[in-house]
Amino acid sequence: MSNTDKPSRNRQFLLAHRPVGEPGPDTWELAEASLHEPADGQVLIRHDYISVDPAMRGWMNAGKSYVPPVEIGAVMRAYAGGEVVASKHPDFSEGDAVTGVLGVQEYSISDGKGLRKVDLSLAEMPIYLSVLGMTGMTAYFGLFDVGEYREGDVVVVSGAAGAVGMIVGQIAKLKGSQVVGIAGGPEKCRYVTEELGFDACIDYKAEDVAQRLGVLCPKGVDLYFDNVGGDILEAVLSRIALHARVVICGAISQYNATKPRGPANYLQLLVQRATMRGMVVFDHAARYHEAAQAMSGWLGEGKLKHREDIVEGLEQFPDALMRLFRGENTGKLLLRVDH
Ligand code: NAP
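Residue numbers for the sequence shown follow the working numbering, so the first one is 142 and each next one is one higher.
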């Protein structure tokens, strides 16, 4: 890093208060920290894109989960992608493009753990935070490993126009399945069927999901990939086939609920000898390369489409996060950081 382009300040979003229900204006503090040179074994990274994820809402809650909560006063946890601007680490050089869990901030210092080098000549950074990143990995391992996808499965996916859902449905189509998406609004449903090539899409805001599934999947649903929980999970459970598999990937409809609720009709699992299994993408980290290779192949052949929904400016983070809960994103939601 030369003296002329040496950054001295680092704007960062700190978790100021744990929200009860929806995050509000007092949830965040936009702070400015001074930046120091990396020490031996460290790199300084300039963040160009920050991933905005529904999981962030869970990370803000106190208590035991699959990762520790973000502490009050700490930088909000986030995946990010950017460039190494100074390095005292043997494995990283200035100019390397990297992704990692680096936080909602303009810069970060890393000791290299969990930092992944990416090749921007093969794909642009937003793609490494989308289909070739955490959400793409979630789709792949959720469908094949957790969902134990079988040839001929009738697949239903909620959050179908979102980062995970758009990939789940396309992979299942590539494998020859009948795929039905569930999404909010006619515009998203049009995107899911006409652009992503799903066989059908149910607009849960305007249609009766269980009734439509009865018509679209008369023999029942073999694999349900659930991103949303709540009423939609209950509706799909009422239509599962014998030996169905239900993947609990997420339940965004419940993340801001002060009294989250589960499906009353879970005995459908008994009736249909079905399984419902939760997943956490990190459990599959040792095999990310396998998924990335498959996805890169499909991307290269033009068989896998993807969309990134990019909001400009770090200061937009609080509102960008709420866009997920308002359903205002189509595809992977990212923040672009100006420098
Ligand atoms: P996303 O689908 O790109 O964005 C969230 C979408 O959720 C919104 O666009 C909205 O779409 C929908 N939504 C919001 N409120 C809803 C409600 N009340 N009822 C139904 N749908 C609602 O987000 P993503 O990153 O792909 O994540 C999808 C899910 O996967 C989330 O639950 C997330 O937590 C989970 N996830 C889990 C893992 C894991 O390892 N388990 C990893 C990644 C993501 P509509 O306009 O269609 O409503």
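Cβ atoms here follow ideal geometry from the backbone N, Cα and C, with glycine treated the same way.
Should residue 359 be listed as close to the ligand NAP, given that the test is whether its C-beta is under 7 Å from any heavy atom? To locate residue 359, count along the sequence shown from 1; it is residue 218. Judged by the Cβ position, residue 359 fails to qualify as a neighbour of the ligand NAP at the 7 Å threshold, every heavy atom of the ligand being at least this far.
Check the DSSP bridge columns for residue 386 and list the partner residues they point to. Here the question's residue 386 lines up with position 245 in the sequence shown. Bridge partners of residue 386: 364 and 416.
Following the continuous beta strand (DSSP E) through residue 358, name the residue where it begins and the one where it ends. Here residue 358 corresponds to residue number 217 of the sequence shown, with the count starting at 1. Here residue 358 belongs to no beta strand (DSSP E), and DSSP marks it neither H nor E.
Sub-8 Å separation of residue 304 and residue 266 beta-carbons: What you label residue 304 is simply residue 163 of the sequence shown in a count that begins at 1. What you label residue 266 is simply residue 125 of the sequence shown in a count that begins at 1. No, the pair does not count as a contact, with Cβ atoms beyond the cut-off.
Residue 220 classed as buried or exposed, judged by whether at least 16 other C-beta atoms fall within 10 angstroms: Position 79 of the sequence shown holds residue 220. Label assigned to residue 220: buried.
Roughly how many whole angstroms lie between the Cα atoms of residue 143 and residue 250? For the purposes of this step, residue 143 is taken as residue 2 along the sequence shown, with counting starting at 1. For the purposes of this step, residue 250 is taken as residue 109 along the sequence shown, with counting starting at 1. Its pLDDT being 44, under 50, residue 143 is placed unreliably by the model, and the measurement read from it follows with that caveat. So the alpha carbons of these two residues sit roughly 17 Å apart.
Mapping the DSSP letters down to three states, classify residue 475 as helix, strand or coil. By 1-based counting over the sequence shown, the position of residue 475 is 334. DSSP places residue 475 in strand when its eight states are reduced to three.
For the alpha helix (DSSP H) containing residue 434, list its first residue and its last residue. Working through the sequence shown from its first residue, we reach residue 434 at position 293. For residue 434, the enclosing alpha helix (DSSP H) begins and ends at 429-441.
Would you check if the segment 360-377 and the segment 292-311 touch, i.e. whether three or more CB-CB distances between them fall below 8 Å? Counting C-beta pairs with one atom in each stretch, the segment 292-311 and the segment 360-377 have three or more that are closer than 8 Å, which means they touch.
Three-state class that DSSP yields for residue 258 in the structure shown: The count along the sequence shown starts at 1 and reaches residue 258 at position 117. The answer is strand: DSSP assigns residue 258 an E or B state.
With DSSP as the reference, label residue 310 as helix, strand or coil. As a working mapping, residue 310 is identified with position 169 in the sequence shown. DSSP places residue 310 in helix when its eight states are reduced to three.
With a threshold of 7 Å (Cβ to nearest heavy atom), would residue 420 be considered close to the ligand NAP? Position 279 of the sequence shown, counted from the start, is the residue given in the question as residue 420. In this structure, residue 420 has its CB closer than 7 Å to one or more heavy atoms of the ligand NAP.
Quick one: give me the first and last residue of the alpha helix (DSSP H) that residue 281 is part of. Within the sequence shown, residue 281 is the residue found at index 140, counting from 1. Residue 281 -> alpha helix (DSSP H) spans 275-282.
Residue 379, DSSP secondary structure in three states: Here residue 379 refers to the residue found at position 238 when the sequence shown is read from its first residue. Collapsing the DSSP output to three states places residue 379 in coil.
Applying the 10 Å Cβ sphere with the 16-neighbour rule, what's the burial state of residue 426? As a position in the sequence shown, residue 426 is number 285, starting the count at 1. Result: exposed.
Run through DSSP, which three-state label would residue 480 get? Here residue 480 refers to the residue found at position 339 of the sequence shown. Per DSSP, reduced to three states, the secondary structure at residue 480 is coil, with no helix or strand assignment.
Exposed or buried, which one is residue 327 when buried takes at least 16 other CB atoms within 10 Å? Position 186 of the sequence shown, counted from the first residue, corresponds to residue 327. Classification of residue 327: exposed, given that the 10 Å Cβ count is below 16.
Where residue 322 sits in the DSSP three-state scheme: For the purposes of this step, residue 322 is identified with residue 181 of the sequence shown, where counting begins at 1. DSSP places residue 322 within a strand segment (E or B) once states are collapsed to three.
C-alpha distance - residue 477 paired with residue 336, whole-angstrom precision: Position 336 of the sequence shown, counted from the first residue, corresponds to residue 477. Position 195 of the sequence shown, counted from the first residue, corresponds to residue 336. Put simply, the backbone Cα of residue 477 is about 25 Å away from that of residue 336.
Local conformation of residue 299 per DSSP, three classes: The count along the sequence shown starts at 1 and reaches residue 299 at position 158. DSSP places residue 299 in strand when its eight states are reduced to three.
Residue from 229, 288, 306 and 282 with nearest C-alpha to residue 447: Along the sequence shown, one-based indexing puts residue 447 at 306. Selected option, being the one with the closest Cα: 306.
Do residue 278 and residue 422 come within 8 Å of each other at the CB atom, strictly closer than that value? In the sequence shown, counting from the first residue as 1, residue 422 sits at position 281. In the sequence shown, counting from the first residue as 1, residue 278 sits at position 137. Their beta carbons are under 8 Å apart, which means residue 422 touches residue 278 by this criterion.
Assess contact between the segment 172-184 and the segment 227-243, defined as three or more Cβ pairs (one per stretch) separated by less than 8 Å. Is contact present? Three or more beta-carbon pairs drawn from the segment 172-184 and the segment 227-243 are found closer than 8 Å, and the two stretches are therefore classed as touching.
Could you check where the beta strand (DSSP E) with residue 171 kicks off and where it finishes? Within the sequence shown, numbered from 1, the residue matching residue 171 stands at position 30. Residue 171 -> beta strand (DSSP E) spans 169-175.
Start-end ranges of the alpha helix (DSSP H) lying completely within the segment 192-264, minimum 4 residues: With a minimum length of 4 residues, the continuous alpha helix (DSSP H) runs that stay inside the segment 192-264 are 196-200.
For residue 484, count the other beta carbons within 10 Å of its own beta carbon; 16 or more makes it buried, fewer makes it exposed. Which is it? Only positions 142 to 480 of the chain appear in the structure, and residue 484 is not among them; the question remains open.
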